[in-house]
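**Student:** One structure, pasted below without further comment.
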């Protein structure tokens with residue numbers, strides 16, 4: 006059954022389009038928790054507190070983007086649950102530094118397909134708050150006219166050290182189009198082409 010409608014996300018929104026409490030710079034307790042979370046993530050998934058660190062890191066507006074970027078550079082996608090959690094937390098912290106890391110990473114054909122598809126998911130959410138990849142992205146056969154963004158109903162996003170804004174949309178779209186045009190993996194080309202078509206509809 007083909008999904009062709011956008012689910013309108015229910016957002017917890019404050020000024021600037023994000024859900025934002027007191028940040029790391031102003032909250033010593035939060036700063037200490039973020040430092041601890043970064044340590045857990047640096048130790049990797051085998052650390053007993055890794056998951057609690059991953060759950061915490063998107064609340065870290067100053068340091069979280071760099072910590073998540075470091076995880077994206079090494080994640081191999083063999084643990085799909087971990088990849089899903091990494092994607093989820095990355096969607097919730099709209100950080101321009103993390104965006105700057107993901108744009109070249111998603112274009113690296115040597116990275117696992119599952120990881121690159123997850124990166125596309127994050128890029129789509131950075132393009133449009135609450136948006137998700139088209140359900141048909143990556144099936145290798147669906148025509149572009151059926152490529153419509155999906156959505157999440159539980160999105161409460163936070164701004165990173167340098168927030169992602171609408172001014173970042175052109176470079177997100179350009180990265181997705183580059184994958185669509187030049188990638189050696191047919192599934193990635195189709196997923197990116199489908200996604201680019203859907204993103205362009207948002208711009209109209």
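Numbering (the numbering used here), first residue to last: 6 to 209.
We put the beta carbon where it would ideally sit given N, CA and C, even for glycine.
Predicted model only: the values in this text are computed from it and were never measured.
With 16 other CB atoms within 10 Å as the buried threshold, where does residue 92 fall?
**Tutor:** Within the chain shown, numbered from 1, the residue matching residue 92 stands at position 87. By the 10 Å Cβ count, residue 92 comes out buried.
**Student:** Could you tell me which of 55, 64, 177 and 66 sits nearest to residue 76, measuring between CA atoms?
**Tutor:** Taking the first residue of the chain shown as 1, we reach residue 76 at position 71. The option with the nearest alpha carbon to residue 76 is 55.
**Student:** Considering only C-alpha positions, which residue in the set 153, 74 and 35 is nearest to residue 201?
**Tutor:** If you number the chain shown from 1, residue 201 lands on position 196. Comparing Cα positions, the closest option is 153.
**Student:** Do residue 199 and residue 139 count as a contact pair if the criterion is CB distance below 9 angstroms?
**Tutor:** In the chain shown, counting from the first residue as 1, residue 139 sits at position 134. In the chain shown, counting from the first residue as 1, residue 199 sits at position 194. Residue 139 is a Cβ neighbour of residue 199, given a cutoff of 9 angstroms.
**Student:** Using 10 angstroms around the beta-carbon of residue 115, count the other beta-carbons present and answer buried if the total reaches 16, otherwise exposed.
**Tutor:** In the chain shown, the residue the question calls residue 115 occupies position 110. Exposed, because fewer than 16 other Cβ atoms sit within 10 Å of the Cβ of residue 115.
**Student:** Assign residue 98 to buried or exposed, taking buried as 16 or more other Cβ atoms, counted over all protein chains shown, within 10 Å of its Cβ.
**Tutor:** What you label residue 98 is simply residue 93 of the chain shown in a count that begins at 1. When all chains shown are included, residue 98 counts as buried.
**Student:** Of the residues 69, 174, 67 and 122, which one's Cα is nearest the Cα of residue 89?
**Tutor:** Position 84 of the chain shown, counted from the first residue, corresponds to residue 89. Residue 89 has its Cα closest to that of 122, out of 69, 174, 67 and 122.
**Student:** Compare the Cα-Cα distances from residue 195 to each of 141, 62 and 100 and report the closest residue.
**Tutor:** Here residue 195 is taken as the residue at index 190 of the chain shown, counted from 1. Per the Cα distances, 141.
**Student:** Could you check where the alpha helix (DSSP H) with residue 97 kicks off and where it finishes?
**Tutor:** For the purposes of this step, residue 97 is taken as the residue at position 92 of the chain shown. Taken as a continuous stretch (DSSP letters only), the alpha helix (DSSP H) holding residue 97 covers 85 to 97.
**Student:** Please classify residue 168 as buried or exposed, where buried requires at least 16 neighbouring CB atoms within 10 angstroms.
**Tutor:** Residue 168 sits at position 163 when you count from the first residue of the chain shown. Label assigned to residue 168: buried.
**Student:** Give a yes or no on whether the C-beta atoms belonging to residue 119 and residue 165 are separated by under 9 angstroms.
**Tutor:** Against the chain shown, residue 119 aligns to sequence position 114. Against the chain shown, residue 165 aligns to sequence position 160. Contact flag unset, no.
**Student:** If you draw a straight line from the C-alpha of residue 136 to the C-alpha of residue 182, how long is it?
**Tutor:** Residue mapping note: residue 136 aligns to position 131 of the chain shown, counting from 1. Residue mapping note: residue 182 aligns to position 177 of the chain shown, counting from 1. Looking at the two C-alpha atoms, the distance is approximately 18 angstroms.
**Student:** Taking a contact to mean a Cβ-Cβ separation below 9 angstroms, would you say residue 30 touches residue 80 in this structure?
**Tutor:** For the purposes of this step, residue 30 is identified with residue 25 of the chain shown, where counting begins at 1. For the purposes of this step, residue 80 is identified with residue 75 of the chain shown, where counting begins at 1. Going by C-beta atoms, residue 30 is not nearer than 9 angstroms to residue 80.
**Student:** Can you have a look at residue 206 and say buried or exposed, based on whether 16 or more other CB atoms are within 10 angstroms of its CB?
**Tutor:** Numbered from 1 along the chain shown, position 201 holds the residue referred to as residue 206. Exposed, since its Cβ has fewer than 16 Cβ neighbours within 10 Å.
**Student:** Nearest by alpha-carbon distance to residue 28: which of 178, 184, 163 and 60 is it?
**Tutor:** Counted from its first residue, the chain shown places residue 28 at position 23. Ranking 178, 184, 163 and 60 by Cα distance to residue 28 puts 163 first.
**Student:** What is the DSSP secondary structure of residue 168, counted as helix, strand or coil?
**Tutor:** Here residue 168 corresponds to residue number 163 of the chain shown, with the count starting at 1. Here DSSP, grouped into helix, strand and coil, assigns residue 168 to strand.
**Student:** Under 9 angstroms between the Cβ atoms of residue 127 and residue 107?
**Tutor:** Working through the chain shown from its first residue, we reach residue 127 at position 122. Working through the chain shown from its first residue, we reach residue 107 at position 102. Against a cut-off of 9 angstroms, the Cβ pair of residue 107 and residue 127 comes out as a contact.
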